[in-house]
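Worksheet: the structure to be examined is printed underneath.
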Amino acid sequence: MGDTLKVGVIGAGKISTAYATTFARLPGVAMTRVADLDTGRAAALAGQFEGVRPGTPEELLAADDVDLVLNLTVPQAHAAVALAAIASGKHVYGEKPLAAGTTEARGVLDAAARAGLVVGCAPDTVLGTGVQTARASVEAGDIGTPVAATAFMITPGHERWHPSPEFYYQPGGGPLLDMGPYYLTALVHLLGPVRRVTGVTATPRATREIGSGPNAGTVFPVEVATHVTGVLEHAGGAVTTLMMSFDVWAGQLPRIEVYGDSGSLSVPDPNNFDGPVRLYTAATQEWADVPERAGYRDAARGYGVADLALSLRDGTSPRASGELAFHVLDVMERLLEAATTGASLEVASTCAVPAPVPFSSLPAPGA
Numbered sequence: 001m002g003d004t005l006k007v008g009v010i011g012a013g014k015i016s017t018a019y020a021t022t023f024a025r026l027p028g029v030a031m032t033r034v035a036d037l038d039t040g041r042a043a044a045l046a047g048q049f050e051g052v053r054p055g056t057p058e059e060l061l062a063a064d065d066v067d068l069v070l071n072l073t074v075p076q077a078h079a080a081v082a083l084a085a086i087a088s089g090k091h092v093y094g095e096k097p098l099a100a101g102t103t104e105a106r107g108v109l110d111a112a113a114r115a116g117l118v119v120g121c122a123p124d125t126v127l128g129t130g131v132q133t134a135r136a137s138v139e140a141g142d143i144g145t146p147v148a149a150t151a152f153m154i155t156p157g158h159e160r161w162h163p164s165p166e167f168y169y170q171p172g173g174g175p176l177l178d179m180g181p182y183y184l185t186a187l188v189h190l191l192g193p194v195r196r197v198t199g200v201t202a203t204p205r206a207t208r209e210i211g212s213g214p215n216a217g218t219v220f221p222v223e224v225a226t227h228v229t230g231v232l233e234h235a236g237g238a239v240t241t242l243m244m245s246f247d248v249w250a251g252q253l254p255r256i257e258v259y260g261d262s263g264s265l266s267v268p269d270p271n272n273f274d275g276p277v278r279l280y281t282a283a284t285q286e287w288a289d290v291p292e293r294a295g296y297r298d299a300a301r302g303y304g305v306a307d308l309a310l311s312l313r314d315g316t317s318p319r320a321s322g323e324l325a326f327h328v329l330d331v332m333e334r335l336l337e338a339a340t341t342g343a344s345l346e347v348a349s350t351c352a353v354p355a356p357v358p359f360s361s362l363p364a365p366g367a
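Numbering (the UniProt record's numbering), first residue to last: 1 to 367.
Right under this line is the structure:
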């Protein structure tokens, strides 16, 4: 691999610019190619960055100047693109979820293991100072033994702002599979893996209407649950109440809170890399800000790829790993199944809690 991880991006959609901008300022990671089924879109992204070559996915997969494929395609294509990259001898880092379902996701991980390649997966927001400072507080015993948590994500739906939102409402989408990975990944960092789930879902509207862009006014069908509530039992015994919704116009719910036997912790939005962490203890009986004490400073989308580059150099596991992403996907899939069957279901998978991130800037893999 050398001192620089060379990244080829497949999927030049909305999120690709954020990744590319981060790579441009990160040592040890370089975007070398970009590909999309729409070659014009690939050319437009490549043209913003010096030395990046546009092309087709087939050309990118065959290229010698790509060590890792960054898979930014729609969820239904995540597994197919990842498998093609692995077959081409390249590491993979994908947007969440890892695949549209656990069967496909397991196929990706097994193929990578056979090939001796590494799979990483978003979200990497949890590696920033927000969730990592909250984790450090929990692990320091600031709230005592954790007993429960809440996690809420509410919005009226992505069709208001996204010009092509249909995939959010197709299999592999919905509020749980779209936004749930941020919250569930943060909860694994804070409380460990999940062993049992139950839940209820609803789909109040059969159609949605695109609200912006060239297709504004187009009505399309809803194929997934758009309001999901669940209860998660963590392996350590703590219980989380979860709500993910594309059907709520406004609310004043916290993003994530963790409750211990001697205090409570307010955790910032896990869709962001930083944000205020607040602590209430039985001793003080008041809320106070927790100073930043862990996590990558000034992080942005793409830090998970850079962390993976470091892990390749050091022979360690990437923090935004495929194994963690698989467990999160398994939890979400079991939760939706539990809602359908009315049962409380065991989660078959588990994962190691990723290593905490020290309070630091991200060093260069060649340093």
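From the three backbone atoms N, C-alpha and C, an ideal C-beta is built for every residue, glycine too.
Discussion item. Checking 8 Å against the spacing of the C-beta atoms, do Gly304 and Ala320 come in under that value?
Written reply: The residue given as residue 304 occupies position 304 in the sequence shown. The residue given as residue 320 occupies position 320 in the sequence shown. Contact: yes.
- Message: Just to confirm my understanding: we take Ala43, look at its own chain, exclude 5 residues before and 5 after, and list those with CB closer than 7 Å. What are they?
- Response: Translated into the one-based positions of the sequence shown, residue 43 becomes position 43. Leaving aside the five residues that flank Ala43 on each side, the residues in its chain whose CB is nearer than 7 Å to its CB run, in chain order, Pro54.
Requested in this report: Tell whether a beta-carbon distance below 8 Å holds between Gly157 and Ser262.
Outcome: In the sequence shown, residue 157 corresponds to position 157, counting from 1. In the sequence shown, residue 262 corresponds to position 262, counting from 1. In this structure, Ser262 does not lie closer than 8 Å to Gly157 by Cβ.
### Query
Who pairs with Tyr280 in a beta bridge, going by DSSP?
Along the sequence shown, read from residue 1 onward, the residue named residue 280 stands at position 280. Paired residue(s): Ser264, Trp287.
Exercise for review: Classify Pro221 as helix, strand or coil using the three-state DSSP reduction.
Suggested key: Indexing the sequence shown from 1 puts residue 221 at position 221. Looking at Pro221 - three-state DSSP - the assignment turns out to be strand.
Quick one: what's got a C-beta closer than 8 Å to Ser212's C-beta in the same chain, skipping five residues either side?
The residue given as residue 212 occupies position 212 in the sequence shown. Arg160, Trp161, His162, Pro163, listed in sequence order.
**Study point:** Every unbroken beta strand (DSSP E) inside the stretch 33-75 [3 residues or more]
**Key:** Runs of the beta strand (DSSP E) spanning 3 or more residues and lying entirely within the stretch 33-75 occur at 53-55, 68-71, in chain order.
Closest residue to Ala149 among Gly230, Asp314, Ala250 (Cα-Cα distance): As a first step, residue 149 must be located in the sequence shown, where it is residue number 149. Checking every option, the nearest Cα to that of Ala149 belongs to Gly230.
Checklist entry - Can you tell me whether Arg25 is buried or exposed, with buried defined as 16 or more other CB within 10 angstroms of its CB? => result Indexing the sequence shown from 1 puts residue 25 at position 25. When all chains shown are included, Arg25 counts as exposed.
Ile10 (DSSP reduced to helix, strand or coil): By 1-based counting over the sequence shown, the position of residue 10 is 10. Reduced to three states, the DSSP call for Ile10 is strand.
**Nearest residue (CA-CA) to Tyr296, options Ser361, Arg313, Ser88** = As a first step, residue 296 must be located in the sequence shown, where it is residue number 296. Ranking Ser361, Arg313, Ser88 by Cα distance to Tyr296 puts Ser361 first.
**Prompt:** Any idea if Thr340 is buried or exposed, counting beta-carbon neighbours within 10 angstroms, 16 or more meaning buried?
**Reply:** Residue numbering aside, residue 340 sits at position 340 when the sequence shown is read from its first letter. By the C-beta density criterion, Thr340 is exposed, having fewer than 16 other C-beta atoms within 10 angstroms.
inquiry  = Counting C-beta neighbours from all protein chains within 10 Å, is the total for residue 374 16 or more, i.e. buried, or is it exposed?
reply    = The chain is shown from 1 up to 367; residue 374 falls before or after that span and cannot be answered.
Practice prompt. Count the other C-beta atoms from every protein chain shown that fall within 10 angstroms of the C-beta of Thr90, then say buried if there are 16 or more, exposed otherwise.
Written response: The residue you call residue 90 lines up with position 90 of the sequence shown. The amino acid occupying residue 90 in the given sequence is Lys; Thr does not appear at that position. Looking at its Cβ environment, which holds 16 or more other Cβ atoms inside 10 Å, Lys90 is buried.
Shortest alpha-carbon distance to Val222 belongs to which of Leu68, Pro165, Val131, Arg135?
If you number the sequence shown from 1, residue 222 lands on position 222. Closest by alpha carbon: Pro165.
On the DSSP bridge assignment, give the partners of Phe152 in chain order. Along the sequence shown, one-based indexing puts residue 152 at 152. Answer is Met243.
**Report entry** Residue of Ile210, Asp274, Thr185 minimising C-alpha distance to Leu324
**Finding:** Within the sequence shown, residue 324 is the residue found at index 324, counting from 1. Ranking Ile210, Asp274, Thr185 by Cα distance to Leu324 puts Thr185 first.
Q.
For Thr4 and Leu310, I'd like the C-alpha separation in whole angstroms.
A. In the sequence shown, the residue the question calls residue 4 occupies position 4. In the sequence shown, the residue the question calls residue 310 occupies position 310. Looking at the backbone, the Cα of Thr4 and that of Leu310 are separated by about 10 Å.
Handout entry: Which of helix, strand or coil DSSP assigns to His162
Key = Residue 162 sits at position 162 when you count from the first residue of the sequence shown. Note: His162 maps to coil in three-state DSSP.
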